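What follows is a short report on a single structure.
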Amino acid sequence: MGNGCERGCDSVRTPGSRRAEIATPRWPGLRGLSKLAGLALLLASGAAMALGLGEIRVMSQPGQPLLAEIPVISNEPGELEQLQARLASPVTFERVGLARPEGLVSGLGFAVALSAEGKPVIRVTSAEPVQVAAVNFLIEVDWGQGRLVREYSALVDSPAALAASSQPSIQAPLPPPSNTIVRDAEPMATAPAEPAPAPAPVAPAPTPAATPVPRPVAPVASLPPAGGGELQVQRGQTLSAIARDLGQPHSLDQTMLALLRANPEAFINGNINRLKQGAVLRVPQATEFAQLDESEAAGLVREQMAQWRQARRPIPQPVETDVASTAPVPVPARGPQVAQARLEIAPPAASSATRAGTQSGIDAEGEGDMLANEQLVLT
Numbered sequence: 176m177g178n179g180c181e182r183g184c185d186s187v188r189t190p191g192s193r194r195a196e197i198a199t200p201r202w203p204g205l206r207g208l209s210k211l212a213g214l215a216l217l218l219a220s221g222a223a224m225a226l227g228l229g230e231i232r233v234m235s236q237p238g239q240p241l242l243a244e245i246p247v248i249s250n251e252p253g254e255l256e257q258l259q260a261r262l263a264s265p266v267t268f269e270r271v272g273l274a275r276p277e278g279l280v281s282g283l284g285f286a287v288a289l290s291a292e293g294k295p296v297i298r299v300t301s302a303e304p305v306q307v308a309a310v311n312f313l314i315e316v317d318w319g320q321g322r323l324v325r326e327y328s329a330l331v332d333s334p335a336a337l338a339a340s341s342q343p344s345i346q347a348p349l350p351p352p353s354n355t356i357v358r359d360a361e362p363m364a365t366a367p368a369e370p371a372p373a374p375a376p377v378a379p380a381p382t383p384a385a386t387p388v389p390r391p392v393a394p395v396a397s398l399p400p401a402g403g404g405e406l407q408v409q410r411g412q413t414l415s416a417i418a419r420d421l422g423q424p425h426s427l428d429q430t431m432l433a434l435l436r437a438n439p440e441a442f443i444n445g446n447i448n449r450l451k452q453g454a455v456l457r458v459p460q461a462t463e464f465a466q467l468d469e470s471e472a473a474g475l476v477r478e479q480m481a482q483w484r485q486a487r488r489p490i491p492q493p494v495e496t497d498v499a500s501t502a503p504v505p506v507p508a509r510g511p512q513v514a515q516a517r518l519e520i521a522p523p524a525a526s527s528a529t530r531a532g533t534q535s536g537i538d539a540e541g542e543g544d545m546l547a548n549e550q551l552v553l554t
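Structure follows, in structure tokens:
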């Protein structure tokens with residue numbers, strides 16, 4: 176097969192291979208058989224991609240050990256029995272342009288488990304508390320019929336991850352006080368008894384007038400701290416945690432951007448994710464928090480998160496080549512084309528299981544904050 180096929184051959188292109196040729200003479204009655212064989216190759220290559228991963232869901236809070244779940248999407252029951260997940264090798268990190276794993280990322284643990292809904296997931300945990308806004312890592316999944324490498328960014332301290340805990344509690348309105356004044360009942364007049372011949376009867380004392388009952392006063396709700404004060408950024412403290420502690424009635428995005436505009440010198444490159452330790456922040460006035468509406472503030476926060484993640488990526492260095500070396504490099508002999516590897520850009524797999532629970536991310540619907548950049552598939 177390969178270069179030996181002449182005019183009497185049909186060629187069928189299949190995903191994952193450069194070219195699959197079926198040497199079939201163009202005889203009447205056999206042309207349909209060659210098409211069926213090509214279709215079988217297409218179906219066989221698609222079976223190796225039956226397993227996929229959904230969006231990551233972060234369930235831990237800042238300052239706690241990482242706890243997240245990645246849904247597993249599979250159509251074959253035998254794939255889950257052979258499923259194994261691990262942190263990708265340092266060589267794989269360099270191939271996709273990421274720094275080698277170190278610190279908290281190098282100690283991440285991966286285990287195949289069931290979610291609260293009873294669906295298969297890969298549970299990601301860490302032994303150390305998370306002190307950063309995002310945890311970037313590459314996960315490698317092997318299910319016997321193929322291997323998949325995918326990048327995730329778990330946003331632990333994102334506005335979407337803290338939306339559930341930062342919403343102010345809503346109290347039921349108290350019933351209006353009654354305007355009715357309660358008075359004591361007037362005593363009924365009784366006939367005086369027959370006077371005894373001894374002493375004269377004593378005149379009855381006058382009944383005191385009933386005093387009006389004061390109206391009940393509704394309790395005054397505690398007000399958020401007034402603006403205009405100052406606070407100092409402590410070690411390990413993030414902007415979202417500071418904004419949440421202020422207790423403003425506005426959204427978390429509005430509060431963070433108001434702090435950024437009031438204290439631009441306290442942030443590196445004007446980004447909310449790069450707050451300087453030890454900086455003194457001025458708390459804005461109440462009118463400054465409402466300068467941006469919720470939708471506009473959410474859009475600006477998403478842009479800040481995208482710029483911050485882009486700045487964290489290492490810049491690829493050019494490879495120095497020896498100009499004087501002109502000797503041809505020997506081409507290794509091509510082995511049998513049974514398994515080939517390809518690196519492709521793959522969008523995140525859709526999964527209904529990713530809609531439940533608190534999800535990391537910053538979109539309007541609270542979706543997971545997963546970045547799927549490269550996907551390495553061996554078929």
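Take 176 as the starting number for the sequence shown in my numbering and just add one per residue.
For glycine and all other residues, C-beta sits at the position ideal for the given N, C-alpha and C.
This structure is a prediction, so every number in the text was calculated from the model and none was measured.
Item: Are there 16 or more other CB atoms within 10 angstroms of the CB of P276, so buried, or fewer, so exposed?; Value: buried
Item: From the DSSP output, read off the bridge partner residues of G293.; Value: The partner list for G293 (beta bridge, DSSP) is empty, contrary to what the question assumes.
Item: Please report the straight-line C-alpha distance between F464 and L427, rounded to a whole angstrom.; Value: 10 Å
Item: Three or more C-beta pairs closer than 8 Å, one from the region 291-310 and one from the region 266-276: is that the case here?; Value: no
Item: Our contact map puts A472 next to Q429 with C-beta atoms below 8 Å; I'd like the distance itself, whole angstroms only.; Value: 5 Å
Item: Looking at the unbroken beta strand (DSSP E) that takes in E405, where does it start and where does it end?; Value: 405-407
Item: Give me the Cα-Cα distance between L289 and P295, rounded to the nearest whole angstrom.; Value: 5 Å
Item: Kindly indicate which three-state DSSP category S415 falls into: helix, strand or coil?; Value: helix
Item: On a Cα-Cα basis, can you pick out the residue from G229, E292, V316 that is closest to S264?; Value: V316
Item: By a C-beta neighbour count over all protein chains shown, 10 Å radius and 16 as the cutoff for buried, is N311 buried or exposed?; Value: buried
Item: Excluding the five sequence neighbours on either side, which residues of its own chain have a C-beta within less than 6 Å of the C-beta of A286, listed in chain order?; Value: R298
Item: Given a threshold of 16 other Cβ atoms within 10 Å of its Cβ, counted over all protein chains shown, does V455 qualify as buried or as exposed?; Value: exposed
Item: Once DSSP output is grouped into helix, strand and coil, what is the label at L258?; Value: coil
Item: With V331 and L406 assumed to form a contact (beta carbons below 8 Å), what rounded beta-carbon distance in angstroms separates them?; Value: With 8 Å as the limit, V331 and L406 do not qualify as a contact, their Cβ atoms being about 22 Å apart.
Item: Going by DSSP, what residue range makes up the alpha helix (DSSP H) through R436?; Value: 427-437
Item: Mapping DSSP to helix, strand and coil, what is A288?; Value: strand
Item: How far does the beta strand (DSSP E) with P276 in it reach, from first residue to last?; Value: Premise fails: P276 is in no beta strand (DSSP E) and is neither H nor E.
Item: For G229, does the count of other Cβ atoms within 10 angstroms reach 16, so buried, or fall short, so exposed?; Value: buried
Item: Leaving out five residues before and five after E469 in sequence, what residues of the same chain have Cβ atoms less than 6 Å from its Cβ?; Value: S426
Item: Within a Cβ cutoff of 6 Å, which residues of the same chain sit near G177, ignoring the five residues on either side of it in sequence?; Value: Low per-residue confidence applies at G177: pLDDT is 43, beneath 50, and the placement is therefore not dependable enough to give any value.
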